[in-house]
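Below is one structure; the comments refer to it alone.
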Amino acid sequence: MIDLPDTRADVTSGRLTPSRYEYLGMIDGRVTPTFRVTEWFKPGTTIDLGGRVLRILHVPGHTHSSVAVYDAGTHQLFAGDLIYPTTLYAFLPGASLSEYRATTRELLATLPADTKIASASVHQRPG
Numbered sequence: 594m595i596d597l598p599d600t601r602a603d604v605t606s607g608r609l610t611p612s613r614y615e616y617l618g619m620i621d622g623r624v625t626p627t628f629r630v631t632e633w634f635k636p637g638t639t640i641d642l643g644g645r646v647l648r649i650l651h652v653p654g655h656t657h658s659s660v661a662v663y664d665a666g667t668h669q670l671f672a673g674d675l676i677y678p679t680t681l682y683a684f685l686p687g688a689s690l691s692e693y694r695a696t697t698r699e700l701l702a703t704l705p706a707d708t709k710i711a712s713a714s715v716h717q718r719p720g
């Protein structure tokens, strides 16, 4: 889990339960998950998966605790909800247009131009 005051505040007895605005599954009738946090990663930490090294990035804007994962070896950015192929919704508490702008400018300035982005999928509800 990314080591931020926001994420630490969601942990009780080693178990994280996302806050109301960090998990919106209830819109689809899903129960908020709770899971054990076994490791905390500071922003910028690299994780070696044995031949694949990933860097944990703090990418605030959509939410303050947003995370992306960058694979320098393949020039892939796993961006989650930071970027997705439709209208950007960043209006919940914790969203910040100025943080979003700063985050995207930093990514454009630091990541290679040929970086491939895997973003959150957006599924439309019928009707």
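If you're matching positions, the sequence shown starts at 594 in our numbering and goes up one per residue. We put the beta carbon where it would ideally sit given N, CA and C, even for glycine. Predicted model, so just to flag it, every value in this text is computed and none were measured.
Please work out which residues of its chain come closer than 8 Å, Cβ to Cβ, to residue i, disregarding the five sequence neighbours upstream and downstream, and give them in chain order.
i, result
"Ser711", "Looking at the sequence shown, residue 711 is not Ser but Ala. Cβ within range, chain order: Gln669, Leu670, Phe671 and Ala672."
"Leu597", "Pro636, His651, His657 and Ser658"
"Lys709", "Thr667, His668, Gln669 and Leu670"
To the nearest angstrom, how far is the alpha carbon of residue i from that of residue j?
i, j, result
"Val652", "Gly622", "28 Å"
"Gly720", "Ala713", "Residue placement at Gly720 is poorly supported in this model, since its pLDDT is 48, which falls under 50; the coordinates still yield a value, given next. Cα to Cα, Gly720 sits roughly 22 Å from Ala713."
"Thr648", "Gly666", "Note that residue 648 is Arg in the sequence shown here, rather than Thr. So the alpha carbons of these two residues sit roughly 11 Å apart."
"Pro636", "Ile595", "7 Å"
"Thr638", "Val624", "31 Å"
"Ser691", "Ile676", "15 Å"
"Thr679", "Val660", "19 Å"
"Ile620", "Ser612", "14 Å"
"Thr631", "Ile640", "14 Å"
"His657", "Arg601", "13 Å"
"Pro626", "Gly643", "29 Å"
"Ala702", "Tyr693", "14 Å"
So residue i and residue j are in contact, right, with Cβ under 8 Å, and what is the actual spacing, rounded?
i, j, result
"His655", "Ala688", "6 Å"
"Thr610", "Asp603", "6 Å"
"Tyr663", "Leu704", "7 Å"
"Arg608", "Phe634", "About 18 Å separates the two Cβ atoms, so there is no contact after all."
For residue i, I'd like the list of residues in its chain whose CB is within less than 7 Å of its CB, leaving aside the five on either flank, ordered along the chain.
i, result
"Ser606", "none"
"Asp707", "His668"
"Asp674", "His655, Ser659 and Ala713"
"Arg645", "Asp664 and Gly666"
Apart from the five residues on each side of it in sequence, which residues of its chain come closer than 6 Å, Cβ to Cβ, to residue i?
i, result
"Arg685", "Looking at the sequence shown, residue 685 is not Arg but Leu. These residues qualify, in order along the chain: Tyr614."
"Leu700", "none"
Secondary structure, beta strand (DSSP E): runs of 3+ residues fully inside the region 664–698: 669–673
Beta strand (DSSP E) segments (min. 3 residues) lying fully within the region 596–678: 639–641, 646–651, 660–664 and 669–673
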